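Visitor:
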Amino acid sequence: MVDVNVFGIAWEEIVNWYLAQPIYGQILVLIGVIAVLALAVVIVYYVLKGVAYLVYYILKGVYYLLKGIGLLFYKTFEALYYAISGKPKPECCNPAQEQQAVPQVVKQPEPITPVQRTYQTINPDVAFCSECGSQFSDSMIQTLSNKGFVYCIHCGKGFQSNSIPIES
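Quick note on our numbering: the sequence shown kicks off at 71 and runs consecutively.
1) Looking at the structure shown, is G228 part of a helix, part of a strand, or coil, going by DSSP?
2) If you draw a straight line from the alpha carbon of L107 to that of V99, how long is it in whole angstroms?
3) First and last residue of the beta strand (DSSP E) that includes F198?
4) Measuring alpha carbon to alpha carbon, tell me which residue in V220, C202, I104, P179 is nearest S209.
5) Quick check on the burial criterion: 16 or more other C-beta atoms within 10 angstroms. Buried or exposed for C199?
6) Residues in the same chain with beta-carbon distance under 7 Å from C202, minus the five sequence neighbours each way, listed in chain order, please.
7) If you count every other CB in all the chains shown that lies within 10 Å of the CB of L214, and 16 or more means buried, which is it?
Okay, here's the thing in structure tokens:
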């Protein structure tokens, strides 16, 4: 038999049980142990990832909170300074500087182009297929007028109506 004292006394019964199993049982137990270990690794990964996101967003919130508090103190002391000293608060930008900084953009109107409409004329005499000689159905004539082309339902030959552009 195998020397089981390598694992220690506590594991002796587990190792003896494992070795007493038939080979397919040992393989199934080994696959189960590997699956449980893989599942444990995945769970640990997602827990650590969640904790990292939580810590990141808490630190981000604390940063914005401290930044807001600092801005509050700055604006408060700035207002107190101008109130106590009696000096007027300077404007953000002089109007002369603002006019120099912003270039004037002149938008030119786009020229109006005439709209072109296309009309398709359907010759009412074209009621028969030139390939097989069968008469066009009402749905074929309607498709020809809507889409500008149609295929014969009997032989598959294509017919196309010519469009005429008209300027208005």
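All residues carry an ideal CB built from backbone N, CA and C; glycine is no exception. None of these values were measured; they are calculated from a predicted model.
Guide: By the coordinates alone:
1) As a working note, residue 228 is residue 158 in the sequence shown. Residue state, collapsed to three classes: strand.
2) As a first step, residue 107 must be located in the sequence shown, where it is residue number 37. As a first step, residue 99 must be located in the sequence shown, where it is residue number 29. Approximately 12 Å, taken between the alpha carbons.
3) Counting from one through the sequence shown, the residue named residue 198 turns up at place 128. It is not in any beta strand (DSSP E) - F198 carries neither H nor E in the DSSP assignment.
4) As a first step, residue 209 must be located in the sequence shown, where it is residue number 139. Among V220, C202, I104, P179, the Cα nearest to that of S209 is on V220.
5) Within the sequence shown, the letter at position 129 stands for residue 199. C199 should be labelled buried.
6) To locate residue 202, count along the sequence shown from 1; it is residue 132. Only C222, H224, C225 meet the Cβ criterion.
7) Start at 1 with the first residue of the sequence shown, and residue 214 comes out as number 144. It counts as buried.
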